[in-house]
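Those protein sequences? They're chains B and R, same order as listed. The first sequence runs 1 to 218 under the working numbering. The second sequence runs 219 to 436 under the working numbering. For every residue, glycine included, the Cβ atom is placed at its ideal position computed from N, Cα and C. Given the structure is predicted, the values throughout are model-derived calculations rather than measurements. A short write-up of the structure that comes next.
Protein chains: 2
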Amino acid sequence: MHSFTEENYLKAIYHLSEGNTMAVSTNQIAEMTNTKAASVTDMLKKLAEKKLINYIKYQGVTLTSTGVNAAVNIIRKHRLWEVFLVEKLGFKWDEVHDIAEELEHINSETLINRLDDFLGNPVADPHGDPIPDRSGLIKHKKLVKISEMQTGESGTVSGVNEHSSVFLKLLEKLGLTLGTKIIISELIEFDGSIMLTIDQKTERTISREVAKNILVIL
Amino acid sequence: MHSFTEENYLKAIYHLSEGNTMAVSTNQIAEMTNTKAASVTDMLKKLAEKKLINYIKYQGVTLTSTGVNAAVNIIRKHRLWEVFLVEKLGFKWDEVHDIAEELEHINSETLINRLDDFLGNPVADPHGDPIPDRSGLIKHKKLVKISEMQTGESGTVSGVNEHSSVFLKLLEKLGLTLGTKIIISELIEFDGSIMLTIDQKTERTISREVAKNILVIL
DNA sequence: TATTTTATTTAGATTAATCTAAAAATATCG
DNA sequence: CGATATTTTTAGATTAATCTAAATAAAATA
C-alpha cells in the first residue's frame, strides 16, 4: 500500500490532470497539497521510483496507469463515504468533505465494496460527482455550465465545479441544489449575469461567477 | 489533536492498566505496540510533556485524567465502528478488528455521535465489550469467566477475553456466540475441562483455556 | 549484601515528509 | 536574441517515530 501522503499526491495529480491532457506542474501540485515546490519535487522522485507517475525533470508529471488506478480508487472511497455521511448520518453536502478526506485513506477493499452495496451502489456523490465502480470505471455525464447556456434552454442541476462550503451553502440558499430544474430566462449583457426560473416558480438572477460553477444536464 | 501514534500508545496504556491499578511498564507497552523499549521511552517523555501520562523514570506510567479521556474516546470510536461493520455491512465478529483499528483514528466528534445515533446507541460491541457513551462513561457489566463457574450454574455468554480471529471462529464453531445460554453440567477434575449444555440442547466439553476466555452474565 | 539478571534509559542513527535558501533550467518579453 | 522573470531542482536542516547498541537503574538471587 501507499502512504497517506503518497495517496494525497496521487489524488492531487489526478484532479489537476482531469480535463486537460497536459502534464501537471510542480507548482500546481504544491498549491493543491499545501506544500512547497521543493517538497513536491522530493515526492515526485519517490512516486516515479514506484512507477506511479511519469516524471521528467522540469517537464511536469502524468500518472501511469498504475497511478491512475490508485488515484481512482481513493476517489471512489472518498465519494462513497460522502454518500454515507449524507444519506445515512444526515450530514449536509457542505459538511462532508473534510471527514471524507480522512476516511478515503482507510485500507480495505472488502469494506469499501460492502459500503458500496450498503448504499445501493450510488453513481454519484452528494455534489453530483461520479463514483467510480469497483473496477475503476467512471461514468461521466455530459454536463454543461449554466454560464454556457442560451436563453430559453432548460436543464437539471446535476453537479458543481466548486466544492467549498461557502459556495454550497449559497446554492442551498438560492434553491439551486441537485435535481433542481432551471430555465434560462435572460442573459444580461452588462455584467454577464443570468436570470433563470427555478422549479417553474421562483425567478432569480445569479452572477456569471456562480453560473460558471453550476453544472446541469440539458 | 494527538497523532495517530500517540493515540495508539494511549490506548495501549489504557488497556494494560484495565483491571490492575498498578503503573504500566515500558516493556509491556513495547510488546503491545510492537515497538522496542527504547522507542517507548521516547514516546513516554512526549506524552508526559503533554500531560497525558504520569511518568517517573524507571517507575512505569499511569494515564492522567486527560489521558484517560483521550483513550476512552478512541475506544468508543473503535467499538462503534465495529458495531457498524457487523450490523450494517455484514462483517463477522472476527473480521472487524483491523478495520476498526484504522477507523478509530478518524477525527470528528460530530461523526462519531451521529454514527452512535444511527446505530441506535449500542451499549456493547460485537464482542460484548462495553461502549463508552459520549461523556466517556462506561457501563461495566458483572461478567464471570466460565472457568470460574460451578456445576449447575447457568448464564448467558456476554463477552470474551481473547479477541483473536482464531478464537472467535472457534467459538462460532462451538456454538458459543454472544447471547448463547449455557449450564455447567460437569467440572472435570483431571484436566480442568468443563462440560456444559448449550441452549438447552447440545452438550459439549471445552478446555479450561477456552473457558477462561468466555465471559457470561449469571 | 554482593552479584547477576532484567528492565529501562540514553546516545547516536535512520526514514519519511517537510522546510528555506541557493542554484539551475525554462519561459517570457522587450 | 538576449536579459529578466519564473519555475523547478538541489543542498542542507528539521521533526516525528523508529531502531540498535551501550550505559545505567532496579530487581532477583545466591
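- Segment limits, alpha helix (DSSP H) that includes L119 of chain B: L119 of chain B -> no alpha helix (DSSP H), and no H or E assigned at all.
- Take every Cβ of the region 88-96 of chain B, pair it with every Cβ of the region 60-68 of chain B, and state whether three or more of those distances are shorter than 8 Å. no
- Task: State the CB to CB distance for the pair V290 of chain R and G354 of chain R, rounded to an integer number of angstroms; the pair is presumed to be in contact (CB under 8 Å).
- Result: 5 Å
- Can you tell me whether L386 of chain R is buried or exposed, with buried defined as 16 or more other CB within 10 angstroms of its CB? buried
- Would DSSP call L143 of chain B helix, strand or coil? coil
- Item | Cutoff 8 Å: R332 of chain R Cβ touching any chain B Cβ | At a cut-off of 8 Å between beta-carbon atoms, R332 of chain R makes contact with chain B.
- Message: Under DSSP, the beta strand (DSSP E) around R164 of chain R begins and ends at which residues?
- Response: Past the edges of chain R, shown from 219 to 436, lies residue 164 of chain R, and the structure says nothing about it.
- Item | Coarse secondary structure for M32 of chain B, derived from DSSP in three states | helix
- Query: Among all the DSSP beta bridges, which residues are the ones paired with P130 of chain B?
  - Reply: B:A124.
- Message: Beta-carbon within less than 6 Å of K212 of chain B's beta-carbon, same chain only, minus the 5 sequence neighbours each way: which residues are those?
- Response: K145 and S147
- Task: Can you check DSSP and say which residues form a bridge with V157 of chain B?
- Result: In the DSSP assignment, V157 of chain B is bridged to B:V216.
- Item | N325 of chain R versus R:E313, R:V434, R:W299 and R:D343, residue with shortest Cα-Cα distance | R:W299
- Where does N34 of chain B land, buried or exposed, given buried means 16+ other C-beta within 10 angstroms? exposed
- Interface flag, K77 of chain B vs chain R, CB-CB below 8 Å: no
- Residue(s) in a DSSP beta bridge with L281 of chain R: For L281 of chain R, which the question treats as bridged, DSSP gives the partners R:I271.
- Best match in B:E101, B:H105 and B:A100 for proximity to E320 of chain R [C-alpha to C-alpha]: B:H105
- Going by alpha carbons, who is nearest to S372 of chain R out of R:E380, R:H381 and R:L361? R:L361
- Task: Please state if the CB of I330 of chain R and the CB of K359 of chain R are separated by a distance shorter than 8 Å.
- Result: no
- Query: N8 of chain B to S382 of chain R, Cα distance in whole Å?
  - Reply: 33 Å
- Query: Taking buried to mean at least 16 other C-beta atoms within 10 Å of its own C-beta, is F84 of chain B buried or exposed?
  - Reply: The residue in question, F84 of chain B, is buried, as its Cβ has 16 or more Cβ neighbours within 10 Å.
- Give me the Cβ distance between K399 of chain R and Q368 of chain R, rounded to the nearest whole Å; I'm assuming they're in contact under 8 Å. Between the beta-carbon of K399 of chain R and that of Q368 of chain R there is about 16 Å, and that puts the pair past the 8 Å contact cut.
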